[in-house]
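The structure appears right after this line, and notes come after that.
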Amino acid sequence: MPTSSAVPTPGPDRTAQWIQSDRDRLIHPNLPSSCTDRTVMVEGRGCYVRDSEGNRYLDAAAALGMVQVGHGRGEIVEAAAAQLGTLECFHLWETMSNDKAIELAARLTELAPDGLDRVFFTSGGAEGNEIALRMARFFHYRRQQPDRTWILSRDTAYHGIAYGAGSVSGLPVYHKGFGPQLPHVHHLTAPDLYQTAAYDGEDATEFCLQELRETIERIGANRIAAMIGEPVMSVGGAVMPPPDYWPRVAELLRSHGILLILDEVVTAYGRTGHWFAAQHFGVRPDLLVTAKGITSGYVPHGAVLVTEEVTAAVTASTGFPIGFTYTGHPTACAVALANLDLIEREKLLDNATAMGGYLADRLATLRDLPVVGDVRQIGLMMGIELVADKTARTQLPTGTAPVARALREDAGIILRGNPRSLLVNPPLVLDRAAADELVDGLHSVLARVEPDGRIRP
Ligand code: PLP
């Protein structure tokens, strides 16, 4: 990795100062105040990042599942600099527009599943879900069905932590202690082909469909606005649904006039080997939420893709009355355009499929290890489920955090996980050498994990 003159000279003194200042000043998500560890990242190139002490890591998480084109891409730096020097910011309120937002909207609707012809820009995933939830309710309000306010979501879903997005997220940790949540939200069972105990031996799709039917009957179709779901659950553990799940859910919802919102914040822009996972599952949602990979995370941005039918209702009369300061930010849109160019030019969808297949073959050998219960893969999105007991399929008592830490410290691999599974989401530019390094590192650490979660030296 070439060193950059823009990076402050790393070294023990600077690192100690930064870490002390971080401890004194910063509030980190999901970090207890008792934890004094910090890793100060200062540089990235391709699939690798380097910390302030000069340690190099394979970024197998693509930061937070967003760096599709890899770190340090000069093409994106140039696009951002050119736009900053031309029209750094403006907005899309009322009649105002800008060339980059117009170009990006046209490009996205060309790539999107048929029928998603309109775009609402945001600055991230939770904002996108917030807009989608509001649009869904407003759609029915404008169509004289104001009682359609209920939102169906799923247990263990993650949709971000804005008020609505956090309320529809499905883990108690996002709700407990934060006061009342968005009313009229109901969580359903998510299909999971490994943790099958919840289905009483029934087929997962049949179980989930029956639950959905009963829920619609109980609440009343004429009170339900939408169902929201991730095509493949990401934070929930790279949980893949059975192939017939989404098409059948979409059909059932449509028959009751309930909108389908697909949260593709992680899965869009090549992660699954398709531009959008909706195309993999053969399903056309009414609203499709994206962020992260739209700019490969170089600047915050997001886009909600919407059907003409929903657009017509919400923009009629006095228009859709809400938006953000940064909706259609021209620099973010210019970065997104450069990023999409790279994904296309470097055929990263094909690479995600090819490298995903290669990794899946090699990762399959991990199943022989006592603590590996399941390995799931679609494109370059993978989940490795760790278990204390393969028969009972119980999670490690320590969760996966100590394993992620050992991977970082002992193998130089950055991965994140939820309590059950490690999530493997590398940049889509991953090559064979980096894939081999990832598999070898995983093997060396996972072979040392005991069923009680301890890691042998
Ligand atoms: N939706 C999904 C599926 C996500 O995984 C995330 C973040 O990881 C979000 C929404 C929230 O996105 P953001 O953190 O940009 O608000």
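The sequence shown maps to residues 866 to 1322 in our numbering.
Each residue gets a CB set at the ideal place from its N, CA and C atoms; glycine is no exception.
Quick one: Cα of residue i to Cα of residue j, how far?
i, j, result
"residue 1287", "residue 959", "45 Å"
"residue 869", "residue 877", "Residue placement at residue 869 is flagged as unreliable, the pLDDT there being 44, under the threshold of 50; the coordinate-derived value follows with that caveat. Distance between the alpha carbons of residue 869 and residue 877 is about 18 Å."
"residue 1111", "residue 889", "47 Å"
"residue 1020", "residue 1058", "15 Å"
"residue 1301", "residue 903", "27 Å"
"residue 1271", "residue 1263", "13 Å"
"residue 998", "residue 1118", "16 Å"
"residue 937", "residue 943", "11 Å"
"residue 1148", "residue 1242", "20 Å"
"residue 898", "residue 884", "13 Å"
"residue 1258", "residue 1292", "30 Å"
"residue 1196", "residue 1080", "44 Å"
"residue 1066", "residue 1194", "50 Å"
"residue 1070", "residue 1030", "25 Å"
"residue 871", "residue 1309", "No answer about residue 871 holds up, because its pLDDT of 49 lies below 50 and its placement is not dependable."
"residue 1234", "residue 1026", "36 Å"
"residue 992", "residue 1082", "30 Å"
"residue 867", "residue 1304", "Per-residue confidence for residue 867 stands at a pLDDT of 43, beneath the threshold of 50, marking its modelled position as unreliable; the derived number appears in the next sentence. When rounded, the distance between both Cα atoms is 25 Å."
"residue 1261", "residue 1078", "35 Å"
"residue 1294", "residue 1018", "33 Å"
"residue 1211", "residue 1316", "42 Å"
Using a threshold of 9 Å, state whether the C-beta atoms of residue i and residue j are closer than that.
i, j, result
"residue 1281", "residue 926", "yes"
"residue 1187", "residue 1090", "no"
"residue 1225", "residue 1240", "yes"
"residue 921", "residue 1176", "no"
"residue 1157", "residue 1178", "no"
"residue 1182", "residue 934", "no"
"residue 1096", "residue 1127", "yes"
"residue 1290", "residue 1247", "yes"
"residue 1163", "residue 1216", "no"
"residue 923", "residue 912", "yes"
"residue 1180", "residue 956", "no"
"residue 1072", "residue 1106", "no"
"residue 981", "residue 1170", "yes"
"residue 1084", "residue 1040", "no"
Could you tell me which of the options sits nearest to residue i, measuring between CA atoms?
i, options, result
"residue 1201", "1159, 1009, 1236 and 1195", "1159"
"residue 1047", "1300, 1057, 1060 and 1033", "1033"
"residue 1166", "1263, 966 and 1063", "966"
"residue 940", "1061, 1207, 1247 and 994", "1207"
"residue 946", "1083, 1258, 914 and 1198", "1198"
"residue 1139", "1316, 1227 and 1245", "1245"
"residue 1253", "1267, 1237, 1266 and 1247", "1237"
"residue 978", "1040, 1172, 993 and 1072", "1172"
"residue 1228", "1214, 1168 and 1311", "1311"
"residue 919", "1113, 879 and 1249", "879"
"residue 1060", "1321, 1307, 1313 and 1251", "1251"
"residue 1053", "908, 1037, 1103 and 1022", "1022"
"residue 1275", "1320, 1116, 882 and 1137", "1320"
"residue 1008", "881, 964 and 1087", "1087"
"residue 987", "1190, 1209 and 1307", "1190"
Helix, strand or coil for residue i? Go by DSSP, reduced to three states.
i, result
"residue 901", "coil"
"residue 1003", "helix"
"residue 1299", "helix"
"residue 1220", "helix"
"residue 1269", "helix"
"residue 1313", "coil"
"residue 870", "With a pLDDT of 45 at residue 870, under the threshold of 50, the modelled position of that residue is not reliable, and no figure is offered here."
"residue 1286", "strand"
"residue 1009", "coil"
"residue 1154", "strand"
"residue 896", "coil"
"residue 981", "strand"
Can you pull the DSSP bridge partners for residue i?
i, result
"residue 1018", "1052"
"residue 1043", "Paired residue(s): none; residue 1043 is not in a bridge."
"residue 915", "908 and 921"
"residue 936", "911"
"residue 986", "1168"
"residue 1251", "1237"
"residue 1094", "1127"
For the ligand NAP, I want to know if residue i counts as a neighbour, meaning its beta carbon is within less than 8 Å of at least one of the ligand's heavy atoms.
i, result
"residue 1128", "Among the ligands in the structure shown, the ligand NAP does not appear; only the ligand PLP can be found there."
Shorter than 9 Å from the beta carbon of residue i to some beta carbon of chain E?
i, result
"residue 939", "The question asks about chain E, but that chain is absent: this structure has only one protein chain."
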